[in-house]
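The opening position of the sequence shown corresponds to residue 30 in this note's numbering, with each subsequent residue numbered one higher. Note that beta-carbon positions come from the ideal geometry of N, C-alpha and C, so glycine has one too. Just so it is clear, the structure is predicted and the values come from calculations on it, not from any experiment. Working notes, beginning with the structure itself.
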Amino acid sequence: MLRRTAVMILAAACLATLQAADVRGQDGVVFDFLLGYKSMSGDLGDIVDAGVVGEFDFAYQKNAFRYGMAINLVSLDVIEPHEDESVSQVGLSLFATWLIKRESKVLPYLQLRLGTVRYRPKGETFEPPEPAAEQEEGENVADPVTGFEGGVMGGFEFAVSSKFAVDLSAVFSYIATEAV
């Protein structure tokens with residue numbers, strides 16, 4: 030887990046320099062890479078531990094609003110004693126962001142997002158009660174689960190230069206998936 034986290038942080042540092050828009054409010058195309066931490070509650074929160082999130086955002090900014098699409102990848106570890114098991118999440122969301130204050134180096138914002146998620150469990154905890162007839166070693170027999178996600182994100186962008194910003198935010202979302 031530590032090695033995977035270090036690789037994601039290094040990738041974030043390299044990709045963050047590619048952000049394309051003037052973060053102090055100039056209209057145009059925006060590319061963001063976000064690296065974060067995800068904690069879950071509810072039914073899935075009883076099984077999985079917190080994990081690492083990597084997200085790519087593509088948006089168009091016009092005046093005080095950004096409209097775009099986010100693709101996120103999440104790696105969640107299963108709560109002990111199942112150390113070699115994990116749940117991966119892939120999400121695709123559409124979002125609208127309101128830049129509350131545009132004329133400073135600190136940009137507060139509020140974002141609404143709607144999208145889909147897909148969970149792919151790996152490990153014995155998620156295997157069906159009746160094993161598959163012909164299963165190769167290392168093959169994942171647990172079925173993926175798809176669902177809907179809606180959420181609110183609030184945060185601040187701290188402008189480092191006209192083309193680069195550091196983002197500090199928190200997302201609260203509701204996820205509903207099909208029955209397993």
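Ignore the nearest five residues each way along the sequence and tell me which others in residue i's own chain have a CB closer than 8 angstroms to its CB.
i    : result
V135 : F185, E186, F187 and A188
A199 : M182, G183 and G184
Between residue i and residue j, which are expected to be in contact by the criterion C-beta below 8 angstroms, what is the C-beta distance as a whole number of angstroms?
i    : j   : result
V103 : G80 : 5 angstroms
R95  : V59 : 6 angstroms
Leaving out five residues before and five after residue i in sequence, what residues of the same chain have Cβ atoms less than 6 angstroms from its Cβ?
i    : result
Y148 : V116, Q118 and V174
S122 : A99, R142 and G144
P137 : I129, K130 and F185
Q140 : F124, T126 and M182
With H, G and I counted as helix, E and B as strand and the rest as coil, what does DSSP make of residue i?
i    : result
D72  : helix
A99  : strand
Q90  : strand
P173 : coil
R131 : coil
Q118 : strand
K192 : coil
Short of 7 angstroms in beta carbon distance, which residues of its chain neighbour residue i, apart from the five on each side in sequence? Order them along the chain.
i    : result
I108 : I76, V77 and D78
K91  : D56
V195 : F187 and V189
Which residues does DSSP pair with residue i in a beta bridge?
i    : result
V200 : M182
V82  : G65 and V103
Q140 : T126 and M182
Please classify residue i as buried or exposed, where buried requires at least 16 neighbouring CB atoms within 10 angstroms.
i    : result
V181 : exposed
G179 : exposed
D1   : In the structure as shown, the chain begins at 30 and stops at 209. Residue 1 is therefore absent and cannot be evaluated.
L105 : buried
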